[in-house]
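Following: one structure in structure tokens, then a few remarks.
Number of protein chains: 2
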Amino acid sequence: MRPHEIAERLREFERVCRRRGVPLTVQRRAVLESVLERDDHPTADQIIEAVKQRIPGVSRTTVYRVLDMLVEAGVIRRLHHPGPAARFDGKTRRHHHMICKKCNKVIDLESAKLDRLSLPDVESEGFEIDDFSVHFTGICVECRQAKAQ
Amino acid sequence: MRPHEIAERLREFERVCRRRGVPLTVQRRAVLESVLERDDHPTADQIIEAVKQRIPGVSRTTVYRVLDMLVEAGVIRRLHHPGPAARFDGKTRRHHHMICKKCNKVIDLESAKLDRLSLPDVESEGFEIDDFSVHFTGICVECRQAKAQ
DNA sequence: CTCCGTGCAAAAGGTTTGCACTGGT
DNA sequence: ACCAGTGCAAACCTTTTGCACGGAG
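As they're listed, the protein sequences go chains A and B.
Each residue of the first sequence is one higher than the last, beginning at 1 in the working numbering.
Each residue of the second sequence is one higher than the last, beginning at 150 in the working numbering.
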């Protein structure tokens, strides 16, 4: 994410904290920055490493708690990928995913056409849809090349 | 899943085993039946409980290993839902999901219209798509009613 | 008869919790 | 000054691994 966009998101987070009446600590700032700086989908562990660059003595527990808080506040998203570890995504705009069956890598996919997908009529069943995303499964370039050899 | 459909799938699995030259053990049969009998998306733990109804002394390890083997053979699917535990699905046909943001429940959604979604042009980037599914997020009936009160 | 599959126990992640202390507002 | 946030350690839950035994082909 570009620096000015990160700054914008941090200001937005400042407002969220004030509205909720919760303190804006250095840890919270550092965790959010660490998530926003990456364009992939880091695990909690990867974020902890990044936060340690800023706050060497930071505790794993705190990072886990801050991540939960950020997800709860809608500032970042929690993703559910293949593999045991949860992943996080600072991108809150609608987007889609390509998931490689071989290496489990997840690649973001922006597509205005997919974004305009017409929703099925499930509202009648009582389910209230507020967003969607399309997951494609297949084989990524790297794995395809590896297989070819 | 209906009994005759389960029987059909078990016969199919028998063929898969023979083709692969691997033994069709009672454990493998029991695990597959336990997955097919449920229409939701059970965790490994729920499957272990179900298998214990048939084979009381069955080991967790074995169930985990059989589940891996079934996924690998393409007989069942591994799903990645909210929450720490992996989930399994005996349904291998294309289908879609509605995920409740409140209770994390995942509901299957069949839609011929969604099945015909035209794929974006990502093949040019080297990603080879073999399937897709649409994930809707929102609030389920139960949670909406609970909130209204 | 030969392996592969199984069961047990222990280890290996990833995440959560209890409690005393520290730091924002 | 107050109360929520933090750090530490230990617990917890899910899954994987090493090894000896037993059953399927």
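No residue lacks a Cβ here, since even glycine has one placed at the ideal position from N, Cα and C.
Owing to the predicted nature of the structure, the values given are computational and were not obtained by experimental measurement.
Next on the checklist: Could you tell me which whole alpha helix (DSSP H) segments of length 4 or greater appear in the region 67-121 of chain A?
Outcome noted: 112-115
Checklist entry - Does the distance from the C-beta atom of A/Val-75 to that of A/Arg-28 stay below 7 Å? => result no
Checklist entry - Does the region 32-39 of chain A come within contact of the region 81-99 of chain A, defined as at least 3 CB pairs closer than 8 Å? => result yes
Item to check | Limits of the unbroken alpha helix (DSSP H) element including A/Phe-127 | outcome: Counting along the chain, A/Phe-127 falls outside any alpha helix (DSSP H), and DSSP gives it neither H nor E.
Next on the checklist: Quick check on B/Glu-198: buried or exposed, where buried means 16 or more other Cβ atoms within 10 Å of its Cβ?
Outcome noted: exposed
Next on the checklist: Please classify A/His-4 as buried or exposed, where buried requires at least 16 neighbouring CB atoms within 10 angstroms.
Outcome noted: A/His-4 should be labelled exposed.
Next on the checklist: Against A/Val-26, what residues of chain B qualify as contacts under a CB-to-CB distance less than 9 Å, listed in chain order?
Outcome noted: Neighbours of A/Val-26 on chain B: none; closest Cβ ~29 Å, over 9 Å.
Checklist entry - Can at least three beta-carbon pairs, one atom from the region 138-147 of chain A and one from the region 94-110 of chain A, be found at a separation below 8 Å? => result The region 138-147 of chain A makes contact with the region 94-110 of chain A, as at least three CB pairs between them are under 8 Å.
Item to check | Interface residues of chain B facing A/Arg-144 [CB-CB closer than 7 Å] | outcome: Within chain B, the residues Gly-275, Glu-277 have their CB atoms less than 7 Å from the CB of A/Arg-144, given in chain order.
Checklist entry - Could you give the C-beta distance for A/Val-51 and A/Ala-30, rounded to a whole number, given that I count them as a contact under 8 Å? => result 5 Å
Next on the checklist: Helix, strand or coil, according to DSSP, for A/Asp-131 in the structure here?
Outcome noted: strand
Next on the checklist: So if DSSP puts A/Gly-138 in a beta bridge, which residue, or which two residues, is it bridged to?
Outcome noted: A/Cys-100, B/Ile-278
Checklist entry - Hey, does A/Pro-120 have any beta-carbon neighbour from chain B nearer than 7 Å? => result yes
Checklist entry - Apart from the five residues just before and just after B/His-244, which ones in its own chain have a Cβ nearer than 6 Å to its Cβ? => result Asp-257, Glu-259
Next on the checklist: Using a 10 Å radius around the Cβ and a threshold of 16 neighbouring Cβ atoms, would you call B/Leu-268 buried or exposed?
Outcome noted: Burial state of B/Leu-268 is exposed, judged by a 10 Å Cβ sphere holding fewer than 16 other Cβ atoms.
Checklist entry - Could one say the Cβ of A/Val-63 lies closer than 7 Å to chain B's Cβ atoms, at least one of them? => result Chain B, which has no Cβ nearer than 7 Å to the Cβ of A/Val-63, makes this no.
Next on the checklist: Would B/Met-150 pass as an interface residue toward chain A - the criterion being a Cβ-Cβ separation below 7 Å?
Outcome noted: Between B/Met-150 and chain A, the shortest Cβ-Cβ separation is not below 7 Å.
Checklist entry - So, does the CB of A/Cys-103 fall closer than 7 Å to a CB anywhere in chain B? => result no
Item to check | Three-state secondary structure (DSSP) of B/Thr-192 | outcome: strand
Checklist entry - What three-state label does DSSP hand A/Val-31 in the structure shown? => result DSSP, reduced to helix, strand and coil, places A/Val-31 within a helical segment of the structure shown.
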